[in-house]
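Colleague: Sending over a structure as structure tokens; questions will come in a sec.
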Amino acid sequence: MASVCTIPVVLFGLLSIAFAGSPCPPRENIYPCSCVSLPQGKNVQFTIVTCHKMKDTDSFVAIFSTLRSMQIDHFYLFDSFWEPSLLGTPEAENKQVLPADWLTLLRIKELEIVDTTLSSCFACHGSLSCRNGVTTRFTAVNSSNSEKVCTICGTGNSKFSWTGCMSKLQHFHFSHSKLSVLRSDFFPIPMNQLVVLNLTHNEIIKVEANALARLPRLVSLDLSHNALQAIENLFSDQSTRLEFLDISYNMIKTLGPNLFRSVPSLKRLHADNNLIVSLKQSDWKDVPSTLRNIDLRDNPLHCDCDIRWINTTFHINVVLQGVCASPEDYENSQLRRASRLLNERCDEDGNIGTRPPKTKFKLF
Ligand SMILES: *[C@@H]1O[C@H](CO)[C@@H](O)[C@H](O)[C@H]1NC(C)=O
Ligand SMILES: *[C@@H]1O[C@H](CO)[C@@H](O)[C@H](O)[C@H]1NC(C)=O
Ligand SMILES: *[C@@H]1O[C@H](CO)[C@@H](O)[C@H](O)[C@H]1NC(C)=O
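This is the structure we're talking about:
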């Protein structure tokens, strides 16, 4: 009995000490980066490496062997790779990339890149395979001017997916850049640990079918501040776990009849600041009962007899935000209240009855 129990305990012990930040190397070995290693208890430290104003990939390569020897909890690269972008030559692209085989050779738990000019194939350099069981978080903010990021690296028979190499990745954040399409090959192989995908502040006009199909554990998806005009079914497999969807600040005119069927566990929907006019019952017929928070503020919502379904569909505990923009009688009226009033006023054919002049009541 005892031996059966100890094996997993020992294994767990090994795994949990397998990653512990390293002591910092001498400053000159990682210059211009700097390192801080904070004690976290017996033999455990939390190691942060910060690289600021690295002029190009070569300056990164110069310290690569030191970085390779370390285990880094948080690696922060900011305001870097500026020199090649000033040159503007085609070769400059190769000076705005992460060092060859970085995914396999660097042991970085959380990688964060900010205000750095990366080329579109920044992650692809190296031999034609990669393996990474360390990185849990990848973040790039304001770091790309390309509308496309190479996710399939290599050519011919030796292609690989750099996103797919990160078998432990939980959080992928690529924002304040110029991505224009979320392509179906962005995550070409299953990412079984990925929980959060944040693509806010890009220029995404389209989410291709199957773009999210290989993210079975995705819980949170942020597509806010993009240029989407429509949103259709996001997942073809209906066992998705998505709970949070932010599509605010886009140009969405309609939510489409298949959206809700594809997100059966949704709890929060942020769809404010779009161009949604009509809330047709047919588009919302599959709305999951888990949905507790719906934000439709700042949309040009038209409140006619077609919104009568709202009052009875959403339990009073469901927070529904949004006001009617038209017609005049219902301008600025809360959706739920307008729905209730329309239930009383609409006739069986779905026409708003004419209002007797005497009952001129205030609607809000
Ligand atoms: C984005 O990064 C560039 C440097 O690559 C910087 O000059 C610019 O100010 C940053 N923009 C924002 C909004 O932070
Ligand atoms: C996405 O990132 C932005 C900052 O770039 C942040 O404000 C937002 O909360 C993030 N969304 C999620 C779902 O984590
Ligand atoms: C609105 O819905 C509630 C139940 O949620 C119901 O009791 C009430 O009668 C409805 N009002 C109208 C006008 O349909």
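Just so you know, we're using the working numbering here: the sequence shown kicks off at 1142 and counts up by one. We treat Cβ as the ideally placed atom computed from N, Cα and C, and that holds for glycine. Remember, it's a predicted structure, so these values are computed and weren't measured experimentally.
Could you give the distance in angstroms between the alpha-carbon of Ile1435 and the alpha-carbon of Lys1250?
Modeller: Answer to the nearest angstrom: the Cα atoms are 34 angstroms apart.
Colleague: Buried or exposed: which applies to Lys1236, given that a residue is buried once 16 or more other Cβ atoms fall within 10 Å of its Cβ?
Modeller: Buried.
Colleague: Tell me which same chain residues have a C-beta within less than 6 angstroms of the C-beta of Pro1115, skipping the five on either side of it?
Modeller: Residue 1115 is absent from the model: the chain starts at 1142 and stops at 1505.
Colleague: Identify the residues that DSSP records as bridge partners of Gln1186: which are they?
Modeller: Paired residues: Pro1180.
Colleague: Could you tell me how far apart the beta carbons of Val1290 and Ser1261 are, in whole angstroms, since I believe they sit closer than 8 angstroms?
Modeller: Right, their Cβ atoms sit about 6 angstroms apart.
Colleague: Grab me the residues of Lys1408's own chain with a C-beta within less than 8 angstroms of its C-beta, minus the 5 sequence neighbours each way, in chain order.
Modeller: Taken in chain order, the residues that qualify are Glu1384, Phe1385, Thr1431, Leu1432, Arg1433 and Asn1434.
Colleague: Just jot down, in chain order, the residues whose CB lies closer than 7 angstroms to any heavy atom of ligand 2.
Modeller: Going along the chain, the residues that qualify are Val1282, His1314, Ser1316, His1317, Val1337, Asn1339, Thr1341, His1342, Ser1361, Asp1363, Phe1385 and Asp1387.
Colleague: Where the beta carbon is closer than 7 angstroms to any heavy atom of ligand 3, which residues qualify, in chain order?
Modeller: The answer, residue by residue, is Asn1452, Thr1453, His1456, Ile1457, Arg1481, Asn1484 and Glu1485.
Colleague: Let me know if Gly1162 comes out buried or exposed under the rule of 16 or more other beta-carbons within 10 Å of its beta-carbon.
Modeller: Per the 10 Å Cβ criterion, buried.
Colleague: Going by beta carbon distance, what residues of the same chain come within less than 8 angstroms of Ser1325, once the five residues before and after it are set aside?
Modeller: Glu1349, Ala1350, Asn1351, Ala1352 and Ala1354.
Colleague: Just the C-alpha distance for Ala1143 and Leu1208, rounded to the nearest angstrom, thanks.
Modeller: Interpretation of Ala1143 is limited by its pLDDT of 39, a score under 50 that renders its predicted location unreliable; no figure is taken from the coordinates.
Colleague: Please report the distance separating the alpha-carbon of Val1336 from that of Arg1449.
Modeller: If I take the Cα positions, the gap works out to 36 angstroms.
Colleague: Pull up the DSSP beta-bridge partners for Thr1191, would you.
Modeller: In DSSP, Thr1191 forms a bridge with Ser1175 and Tyr1217.
Colleague: How would you call Tyr1172, buried or exposed, if buried means at least 16 neighbouring beta carbons within 10 angstroms?
Modeller: Burial call: exposed.
Colleague: For Ser1210, count neighbouring Cβ atoms within 10 angstroms of its own Cβ and tell me buried if that reaches 16, exposed if not.
Modeller: By the 10 Å Cβ count, Ser1210 comes out exposed.
Colleague: Would you please state the rounded distance, in angstroms, between the beta carbons of Ile1372 and Leu1338? I believe it to be under 8 angstroms.
Modeller: The Cβ separation is near 15 angstroms, so there is no contact.
Colleague: Is the closest heavy atom of ligand 1 to the C-beta of Thr1258 under 6 angstroms?
Modeller: Checking every heavy atom of ligand 1 against the Cβ of Thr1258, one is found closer than 6 angstroms.
Colleague: Going by DSSP, which residues form a beta bridge with Ser1163?
Modeller: Bridge partners of Ser1163: none, in fact.
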